[in-house]
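I have placed the structure first, in the form of structure tokens, so that the comments after it can refer back to it.
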Amino acid sequence: MASDILIIGGGIIALATAIELKIRGCNVTVISRDNKAAATTAAAGMLAPDAEKILPGAMRDLCLRSRSLYPEWTSKLEQLTGINTGYWACGFLTPVYDVKDKNEQDNHSYWLDFQTIHQYQQGLGEEVIGGWWYPEDAQVDNRALSRALLTAAQSLGVEIKENCRVNGILISAGQITGVQTSAGVMSAEHYILATGAWTNELFPLPVYPRKGQMLSLRVPDFLTELPLNRVLYGEEIYIVPRHDRRIIIGATSEDVGFTPYNTPSGIQSLLQNAIRLFPQLKDYPIEEMWWGYRPATPDELPILGESPYSNLTFATGHYRNGILLTPITALLIADSITQHSSDALLEHFHYSRFQKNEKSSTPMFTHSANFSNGNIVKSNIETRLSLSNSSVAPSDLLQIAGKSFTSRLMTGTGKYRSIEEMQKSVEMSGCQIVTVAVRRVQTNAPGHEGLAEALDWGKIWMLPNTAGCKTAEEAVRVARLGREMAKLLGQEDNNFVKLEVIPDAKYLLPDPIGTLQAAEQLVKEGFAVLPYINADPILAQRLEEVGCATVMPLAAPIGSGQGIQTAANIQIIIENAKVPVVVDAGIGAPSEAAKAMEMGADALLINSAIALARNAPAMAQAMNLAATAGRLAYLAGRMPIKDYASASSPLTGTIN
Ligand code: GLY
């Protein structure tokens, strides 16, 4: 039987939400790739909106509500599973080294002067001059909690598919229709994305990994009493004592993507800061070291609730507060799905906030006003078409997968020296199709920041490409993300993908077998596939047979500017193809662009020759003219080549 709800994610947000939904009578499946990798396991389990200085506002309200749910929530879990979650209302002490840190105290925080703090907590470093006491902050043993949630979910009948990887989300007619997993396609009525730092791999939300390194010590056996009975939360360090004699020390905060492992400098800084705060730790045995990835968002707030699809809900991006926010997230998300009504608090965590702020540094999600409220801007290709290529006959349209374009020049966004130069060049090129590397947008690579607002996607058709993919499998996954990216830009019906499967970085030559495999899969999934290939006529034919929308043979290696090195083979491809032939890569000068078009190519894709020209916009215009000239020349039919001269002015009828 298909599930009512399918939750993607291996952390405690996924498990807790599954339990809440199950209790409400839903049939729930959780798909978890690797629950040990989740930030859940890495965390310290601090429930500390006060010590973490969460400012008043919606986030603080959310955190406080969640913290207040903890005692009863964990106690019920413990009753159900018999697992001690280690919930401990221990309070937090924030010692400071400098008097500037002394602020106003309120009902939640109390200033302790030098004498009081050293009396209250023996063993603090001598540099500590005072500190804050936050009695309401608490902690939980996050790993024990995770075990309890897993046990509870299983005993309640939640189906948990472990070691199952979701490769893509299937969408049709504005609905999620299933998820493609390593165990096949799975479907449900409703889907929840709780994929933390990995969210971006499945859906283009601005959630990025922020690495944290941690370690644990053990209180030596000769100490009968625990030396710490509260959390010490210092500058860039926290020390979390557990009842079971472990002491958790965290955490670094590193913007290094998914770079694994502990590093000497990470561990050194943790130890240095910890020993400064509580010197006796220097002699405690080290038990374990680990690292994890916080799911960070640009405003450091989670993304909760609605998505652009009515049957998909977001529960991700909890950044530094995932453990704290678990009960409230589970509650609000379960309520919103089962009661079809959303708690007012959720509005503040709506994904659409990333479209509203024009100054935000988020790559894809700023200012595409078309995306929120579900308004889809209709493609305005025709408007642009009338502005460019005025000499092209109206009937001479480039047709790709049922879509018409007058411009036969496609460009890209890479390698430009500035966004402005790219914008001007795209404009001067008169192109209607711009290819965008999905992976570079994902990683916010230079030239790929703010792409949502850099170009007018109401006028330019986006051609997502799979650059950077070495295998067919990777390319298929990235193509799916590309389709989501296009949708988020308002191109709801854009199913185009420029397929690149390139295993080596030196020659950047496409893998014909991988390309064919990926093309077959993507065509099956409803993509209009534009495969980038070596100029191999047989491969071109095979790709056409599997249903590709074009073929894109290379003129010479990418970015080489060597001109048309593969002319003879391109000529054969042109002769045989029934789909448009787009000459891609290697063109260095307008003469070569014109030449390819004169040969009968249907279109060109030119990026480096424009972006790397001394004056890129001027070269873009030259390429525009060359593509148009070449096309007109091809249609006009060139004169035959003769062996001997033939006078321009015929002699017949002249007077001798
Ligand atoms: N909440 C602690 C951390 O993110 O390191």
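If you're matching positions, the sequence shown starts at 1 in UniProt numbering and goes up one per residue.
Note that CB positions come from ideal geometry on N, CA and C, so glycine has one too.
Helix, strand or coil for residue i per DSSP?
i, result
"Ala645", "coil"
"Gly637", "coil"
"Tyr238", "strand"
"Lys378", "Per-residue confidence for Lys378 stands at a pLDDT of 23, beneath the threshold of 50, marking its modelled position as unreliable; no derived number is given."
"Ile558", "coil"
"Gly130", "strand"
"Pro295", "strand"
"Thr326", "helix"
"Leu271", "helix"
"Thr338", "helix"
"Glu52", "coil"
"Ser429", "helix"
"Tyr87", "coil"
"Val441", "helix"
Ends of the beta strand (DSSP E) at residue i?
i, result
"Ile460", "Per DSSP, Ile460 belongs to no beta strand (DSSP E) and is neither H nor E."
"Leu409", "Leu409 to Gly412"
"Phe496", "Phe496 to Leu499"
"Gln175", "Gln175 to Thr181"
"Leu604", "Ala603 to Leu605"
"Leu93", "Phe92 to Val96"
"Ile248", "Arg246 to Gly250"
"Ile31", "Val28 to Ile31"
"Val166", "Val166 to Ser172"
If you draw a straight line from the C-alpha of residue i to the C-alpha of residue j, how long is it?
i, j, result
"Phe371", "Gly174", "Summary for Phe371: the model assigns pLDDT 27, below 50, so the residue's position carries little reliability, and this model does not support an answer."
"Gln399", "Thr550", "10 Å"
"Asp221", "Pro279", "18 Å"
"Asp34", "Gly10", "6 Å"
"Gly123", "Leu232", "12 Å"
"Ala601", "Ser591", "14 Å"
"Ala194", "Met485", "19 Å"
"Trp73", "Leu324", "12 Å"
"Leu145", "Cys469", "38 Å"
"Ile376", "Ala472", "The predicted position of Ile376 is uncertain, since its pLDDT is 23 and thus under 50; a value taken from the coordinates is nonetheless stated next. Between Ile376 and Ala472, the C-alpha separation is close to 31 Å."
"Leu156", "Ala44", "27 Å"
"Met552", "Ser404", "17 Å"
"Gln517", "Pro510", "13 Å"
"Ala14", "Val30", "7 Å"
"residue 738", "Gly547", "Residue 738 lies beyond the range of the chain shown here (1 to 656); nothing can be said about it."
"Arg320", "Pro295", "8 Å"
"Glu127", "Asp283", "19 Å"
"Thr362", "Gly450", "Low local confidence applies: a pLDDT of 37 at Thr362 is under 50, so the model's placement there is unreliable, and no value is given."
"Asn27", "Asp343", "23 Å"
"Phe314", "Ala334", "11 Å"
"Ile606", "Glu420", "18 Å"
Determine which residues share a DSSP beta bridge with residue i and list them.
i, result
"Ile192", "Ile7 and Thr313"
"Ala138", "Leu47"
"Gln399", "Ser404"
"Gly305", "Phe314"
"Met289", "Leu215"
"Pro209", "Pro295"
"Ile533", "Pro553"
"Met186", "Val179"
Run the proximity test for residue i: is its beta-carbon closer than 8 Å to any non-hydrogen atom belonging to the ligand SAH?
i, result
"Met485", "Looking for the ligand SAH in the displayed structure turns up nothing; the ligands present are the ligand GLY."
Go to residue i, then tell me how far its alpha helix (DSSP H) extends in each direction, as first and last residue.
i, result
"Asp584", "Careful: Asp584 lies outside any alpha helix (DSSP H), inside the beta strand (DSSP E) at Val582 to Asp584."
"Glu525", "Looking at the DSSP string, Glu525 is not in any alpha helix (DSSP H), and its letter there is neither H nor E."
"Trp111", "Careful: Trp111 lies outside any alpha helix (DSSP H), inside the beta strand (DSSP E) at Tyr110 to Leu112."
"Pro71", "Ala58 to Thr81"
"Asn576", "Ala567 to Asn576"
Next on the checklist: Within 8 Å, do at least three Cβ pairs link the segment 260-275 to the segment 172-190?
Outcome noted: no
Checklist entry - Below 8 Å, can you find three or more Cβ-Cβ pairs linking the segment 488-507 to the segment 521-533? => result yes
Checklist entry - Between the segment 339-355 and the segment 293-311, are three or more C-beta pairs nearer than 8 Å? => result Three or more pairs of CB atoms, one per stretch, sit closer than 8 Å, so the segment 339-355 contacts the segment 293-311.
Checklist entry - Should the segment 56-75 be called in touch with the segment 198-213, which here means at least 3 C-beta pairs below 8 Å? => result no
Checklist entry - Would you call the segment 281-292 and the segment 233-250 in contact, with 3 or more CB pairs under 8 Å? => result yes
Checklist entry - Using 8 Å as the threshold, is the segment 137-151 in touch with the segment 74-83, meaning 3 or more CB pairs across them? => result Yes, they touch.
Checklist entry - Can you find at least 3 beta carbon pairs, one from the segment 608-620 and one from the segment 634-643, that sit closer than 8 Å? => result no
Next on the checklist: Does the segment 106-121 come into contact with the segment 201-221, if we say contact requires no fewer than three beta-carbon pairs (one atom in each stretch) closer than 8 Å?
Outcome noted: no
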